[in-house]
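Data block below; observations after.
2 protein chains.
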Amino acid sequence: MNLSRFSDYSLRVLMYAALKGDESFMIDEVTDAYGISRHHVAKVIHNLAKLCYLETRQGRGGGIRLACPANEIRLGKLIRETENQPVIVECFSVETNSCPISGHCRLKGLLAEAMEAFYESLNRHTLNDLVEGPLRKRLSRTLLH
Amino acid sequence: MNLSRFSDYSLRVLMYAALKGDESFMIDEVTDAYGISRHHVAKVIHNLAKLCYLETRQGRGGGIRLACPANEIRLGKLIRETENQPVIVECFSVETNSCPISGHCRLKGLLAEAMEAFYESLNRHTLNDLVEGPLRKRLSRTLLH
């Protein structure tokens, strides 16, 4: 069981944005801070802007920043959106499914129900919970130079 | 978000075993029924026997069968065991982690908590729930020839 790298990086970028607060930042700052691929992060930022979590402005004085307060970003909703259409097991994808019992198997429904429980649990927390309190100082020291 | 193929195949093998009831079966019956690789299924069966879900006997009159009643096999417990040590995001694996904030990031704990909710939801159901009632007939028709 794992989240996609896309979700993982989305969370990292948003945590970085939450630490920066109102201050804009450039893509290279994030990739340097985490030591991750610029190519992947660019796609992640593009998607997060499309989902209205980030604001991106070109040119002088431009940059990237949170598009809404960190305490309004529910983690379950966010991960559900960055995972898009998760293929928990083969039969979740009509295109690639080859399991002969998928038309009459109860498991798919039970797994979907369990995924709801997963997202509900994460929805009890917001992006702000990841960067507030004593953590903020330590995270800022590691990520913001 | 996806389960490992190992878990997926473990569930398929156990559903097959539950449909067979007390009757033993051979590995080729399962691989033929689902059209999946013998190599993978052999490993899955070996593991399920080690975890005491299946009984395997060699020789004449031997074969594979459930080692306990299907209504005693909780799906959450089973999948937790077949997933073994899931790497939900990079920092769950000490060996491969390269995220610089893993020492002071709250996300890992929240994801672990959400995984508990996922398993708890599945623990409300047993293997028997997957093969009982009207489903049994349809599954038997597809899988047992």
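Read top to bottom, the protein sequences are chains A and B. Residue 1353 is where the first sequence starts when you use this note's numbering, and the numbers rise one by one after that. Residue 1353 is where the second sequence starts when you use this note's numbering, and the numbers rise one by one after that. Even glycine gets a Cβ: it sits at the ideal position worked out from N, Cα and C.
- Around the beta carbon of A:G1428, 16 or more other beta carbons lie within 10 angstroms, which makes this residue buried.
- Below the 7 Å Cβ cutoff, chain B contributes L1491, T1494 and L1495 as neighbours of A:I1453, in chain order.
- Annotation: A:R1357 to A:R1432 spans about 13 Å, alpha carbon to alpha carbon.
- In this chain, the beta strand (DSSP E) harbouring A:L1406 covers L1406 to R1409.
- Within chain A, the residues whose beta carbon sits less than 7 Å from that of B:P1438 are M1353 and N1354, listed in sequence order.
- Contact check for B:I1440 and A:L1355: beta-carbon distance about 6 Å, within the 8 Å limit, so the pair qualifies.
- Take A:A1394, set aside five residues on each side of it, and the residues of its chain with a beta-carbon closer than 8 Å to its own are I1379, in chain order.
- In terms of CA proximity to B:T1478, B:L1430 leads the group B:T1434, B:E1465, B:L1430 and B:E1468.
- For A:F1377, not one C-beta of chain B is nearer than 9 Å to its own C-beta.
- Contact between B:I1416 and B:A1369 holds: their C-beta atoms lie close to 7 Å from each other, under 8 Å.
- Close to chain A, meaning a Cβ-Cβ distance shorter than 8 Å, are the following residues of the stretch 1463–1484 of chain B: L1463, E1465, A1466, M1467, E1468, A1469, F1470, Y1471, E1472, S1473, L1474, H1477, D1481 and L1482.
- Cβ proximity to chain B below 7 Å picks out L1427, E1435, P1438, V1439, I1440, V1441, E1442 and S1450 from the stretch 1417–1450 of chain A.
- In the structure shown, the three-state DSSP call for B:N1475 is helix.
- The three-state secondary structure of B:R1426, taken from DSSP, is strand.
- DSSP places A:I1379 within a helical segment (H, G or I) once states are collapsed to three.
- Cβ-Cβ separation between B:L1406 and B:A1385: approximately 16 Å, too far for a contact (criterion under 8 Å).
- Among the residues of the stretch 1381–1415 of chain A, those with a Cβ less than 7 Å away from any Cβ of chain B are Y1386 and G1387, in the order of the chain.
- When DSSP reads this structure, A:I1416 sits in a beta bridge with A:F1377 and A:T1408.
- Membership of B:I1397 in the alpha helix (DSSP H) is indicated by the continuous run R1390 to K1402.
- The beta-carbon distance between B:M1367 and A:M1467, rounded to whole angstroms, is 20 Å. This is too long to meet the 8 Å contact definition.
- A distance below 9 Å separates the beta carbons of A:N1449 and A:E1442.
- Flagged as an interface residue toward chain A: B:D1360, by a C-beta distance shorter than 9 Å.
- Residues of chain B with a Cβ closer than 7 Å to the Cβ of A:L1363 are, in chain order, L1459.
- Close CB contacts of A:S1492 within its chain, under the 6 Å cut and outside five residues either way in sequence, are with L1371 (chain order).
- Contact check for B:S1389 against A:L1462 fails: the beta carbons are separated by 9 Å or more.
- Burial state of A:D1374 is exposed, judged by a 10 Å Cβ sphere holding fewer than 16 other Cβ atoms.
- Looking at the DSSP output, A:N1354 sits in a beta bridge with B:N1354.
- Taken through DSSP and simplified to helix, strand or coil, B:N1480 comes out as helix.
- DSSP places A:P1486 in the uninterrupted alpha helix (DSSP H) bounded by P1486 to L1495.
- Contact between A:F1377 and B:A1469 is absent: CB atoms are separated by about 33 Å, not below the 8 Å threshold.
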